[in-house]
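Residue numbers (the numbering used here): 30 to 96.
We treat Cβ as the ideally placed atom computed from N, Cα and C, and that holds for glycine.
The next block holds one structure in the form of structure tokens; read it before the comments.
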């Protein structure tokens, strides 16, 4: 019964399509990482995070926040 249902459904096609979609996204990201310029990556690494004191000095001045 389950074998007949599996044969008649489109599940194998969806499984293959999702695997190809994952592979495509992974390959695009891998190419972007390999081709990225080191100076651009270093500039992005220096960006402040949202909860850093440099990003929001007013929040760091509130009691209970910051050092």
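Rounded to whole angstroms, the separation of the alpha carbons of residue 68 and residue 53 is 27 Å.
Per DSSP, the unbroken alpha helix (DSSP H) holding residue 69 starts and ends at 67-74.
In the structure shown, residue 56 falls within a helical segment according to DSSP collapsed to helix, strand and coil. Residue range 31-37 is occupied by the alpha helix (DSSP H) that includes residue 35.
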